[in-house]
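In the numbering used here, the protein residues as written are -6 to 522.
For glycine and all other residues, C-beta sits at the position ideal for the given N, C-alpha and C.
Quantities reported herein were computed from a predicted structural model and do not represent experimental measurements.
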Amino acid sequence: MRSLHSPLPIFLAATFWKDLQIASGLGHSLFWLGPALIAVGVLLLWAVPPQRRRVGVSLLLLAVSGILLVASAALLTGGFSTADAIYHWTRFIGLLLLTVATINITAVLLFDVLLTAVRLRPPAIVSDLLIAVAYIAAAIALLSLIGVNLTGIVATSAVVTAVIGFSLQDTLGNVMGGMAVQLDRSIHVGDWIRVGESEGRVTQIRWRHTAIETRNWDTVLIPNSVLTKSVVTVLGRKSGRPIQHRQWVYFNVDFRHSPTEVIDVVESALRGESIANVAHDPAPNCVLMDFKESYGSYALRYWLTDLGPNDPTSSVVRGMVYAALKRAGIGLSIPAHSLFLTEEDGSRRDRKEGEETGRRVSALRGVELFAPLTDEERRQLAARLRMAPFVRGETIMRQGSRGDWLYILARGEAEVRVASDDGRSSRNVATLKSGDFFGEMGLMTGGERSATVVATADVSCYRLDKNDLEEILVRRAGIAGEMATILARRRAELDAVREGLNEEAMRQRMRSSQVDLLQRIRRFFTLEN
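Below, the structure written as structure tokens:
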């Protein structure tokens, strides 16, 4: 009995398989293409964890499409025709789900596996655009397959496009802006950007918006159309340099401390430490920003290597600045409305003036040029000295310039530099320290400076002008000869260093210049012969 009826199930199975091939539209490829698609989807679930949700949904759609296509084939095998509506729509939905699942699995395989393997990572909007084109092409193909009249759709597409474009112009502007941002690669995910008052790290660049996460734990969604029309600052990005952003730490110090001293203390402290998130190159530097009513305004500038913890890093830097100033005995400025009250009486004022006069007389006593003067004459000159401060690196006197004054170094150090004959280079010939003097030739003759003097530290000088000395020379014209002798010897010594003269040549140079110098001094001070 079984042998009589056994051909019927085989016939039905063969008929069903042919109907399934017709319903799927894959023909004989269905035998291997379907299982291959399922195998690739399962493999992607394991290989690409970030896309598991997308691949899982695609496999679910694939399963549902398989059920619908099997149902479509069963309808054909059961006697329904291809013109019946139930077969028509069951097959269409099945093919639609199959197409969507296939496109998604192929996209993950192409963009997340194959291109990543060859180190190619196109912008996300490119993959989205290609997937969208694939969806549109598949939709057109499926609509043609079920007999939809595409000619009528094309005929009315101009009106439909105009209506859609007008109603969705903002959305389309955002989409086009997103395409522009991603295609020109001006902004990347991970960049720190500032747009208007918003500052944060870019986490997503989507079709409609760009998302940034701020340091306040907020996410700001910036429409791409706004992004393309605004000034966008990409923080910390410089061509050929690592990502780092300059930060400013401001502090104030009163005028009792010189700017050079404050800057040295702060820079020495910061450059000698390894601070988390602070770059070594460029090194931290301190600058004087402004002069206020009772204090100088300073800024410590450093480069932040991790742009996230900016405030915590600045807090650490402020603490180090405070400690460095404290160690150096430099206090931060007190409020401007504070008053310093000192009881001033006659005895205190006289004592201070006496101390200052003593320092000035002592400074003059150390100047060899003034050895012929009496103590009273030195006290007379001391009252006329003026303080002349210079900061490190400043030129106190320039070779070739003219001036009729002399400097006595009261505090600090300076270098004496003599330029070569062509003026292209110079060399250090002496170091001046507290008590040294220079500029005597200008004071006595008004001639050109024979060397350049540059402060190598903060310097305080006493300045003596020609008018301050003239009264004494007019009253005692005889001391001009003694001063000429001293000047001739100092000039000979400088010439010996510059020209490499021996001792005998230096003595001859001294004798020949002594008479000339005396003549020039007399003419300069209009002294009687």
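Check, Outcome
"For Arg81, three-class secondary structure by DSSP", "Going by the sequence as given, residue 81 is His instead of Arg. Helix."
"Entirely enclosed alpha helix (DSSP H) segments - the segment 49 to 126, minimum 4 residues", "78 to 100"
"Beta-carbon spacing of Ser432, Trp398 below 8 Å", "The displayed chain sequence assigns Gly, not Ser, to residue 432. Yes."
"CB of Val101 within 8 Å of CB of Leu37, strictly", "yes"
"Segment contact flag, the segment 432 to 450 with the segment 383 to 392, C-beta cutoff 8 Å, min 3 pairs", "yes"
"Residues near His238 in its chain [Cβ-Cβ closer than 6 Å; skip 5 each side]", "Leu228, Gly229, Leu297 and Leu300"
"Local Cβ density within 10 Å of Phe248, reported as buried at 16 or more and exposed below that", "exposed"
"Start-to-end residues for the alpha helix (DSSP H) that takes in Glu408", "Here Glu408 belongs to no alpha helix (DSSP H); instead the beta strand (DSSP E) covers Ala407 to Ala412."
"Identity of the residue in Ile323, Glu192, Arg264 and Gln197 nearest Thr207 by Cα", "Glu192"
"Classification of Pro305 by the beta-carbon crowding that lies within 10 angstroms, buried from 16 upward", "exposed"
"Continuous alpha helix (DSSP H) assignments of at least 4 residues falling wholly in the segment 229 to 303", "252 to 264"
"CA-to-CA distance, Val411 to Arg504, given in whole angstroms", "23 Å"
"Test item: CB-CB of Ala546 and Met282 under 8 Å", "This structure cannot speak to residue 546, because the chain is shown only from -6 to 522."
"Whole-angstrom distance between Pro302 and His202, CA atom to CA atom", "26 Å"
"Buried or exposed by the 16-neighbour rule on C-beta atoms within 10 Å, applied to Val111", "exposed"
"Helix, strand or coil at Phe383 [DSSP, three-state]", "strand"
"As assigned by DSSP and simplified to three states, the class of Val213", "strand"
"Thr449 Cβ short of 7 Å to the ligand SAM heavy atom set", "The ligand SAM is not part of this structure, which contains no ligands at all."
"Inter-residue Cα distance where the pair is Ala78 and Ile124", "30 Å"
"C-alpha gap between His250 and Arg513, whole angstroms", "43 Å"
"Coarse secondary structure for Asp488, derived from DSSP in three states", "helix"
"Span of the beta strand (DSSP E), counted from its first residue to its last, around Val182", "No beta strand (DSSP E) holds Val182; DSSP gives it neither H nor E."
"Short Cβ contact (8 Å threshold) for Ile205 with Ile186", "yes"
"Assumed close pair Gly405, Val452 - CB separation to whole angstroms, cut-off 8 Å", "4 Å"
"Buried or exposed (CB count within 10 angstroms, at least 16 for buried), Thr83", "buried"
"Cβ neighbour criterion (16 or more within 10 Å) applied to Ile327", "exposed"
"Sufficient close CB pairs (3 or more, under 8 Å) joining the segment 258 to 266 to the segment 310 to 320", "yes"
"Nonlocal neighbours in the same chain, by C-beta distance under 8 Å from Met499, ignoring five residues either side", "Ala485, Glu486, Asp488 and Ala489"
"Residue closest to Met539, alpha-carbon to alpha-carbon, out of Ser419, Ala376 and Leu511", "In the structure as shown, the chain starts at -6 and stops at 522, and residue 539 therefore has no counterpart that could be examined."
"Complete runs of the beta strand (DSSP E) confined to the segment 450 to 508 [at least 3 residues]", "452 to 458"
"Whole-angstrom distance between Gln507 and Leu480, CA atom to CA atom", "8 Å"
"Enclosing beta strand (DSSP E) for Ala403 [first to last residue]", "Trp398 to Arg404"
"Per DSSP, the bridge partner or partners of Ser419", "Ala412"
"Bridge partners - Ser191, DSSP secondary structure assignment", "Val188"
"Selection from Glu492, Phe518 and Arg420 that minimises the alpha carbon distance to Val467", "Phe518"
"At least 3 beta-carbon pairs within less than 8 Å: the segment 53 to 63 vs the segment 103 to 110", "no"
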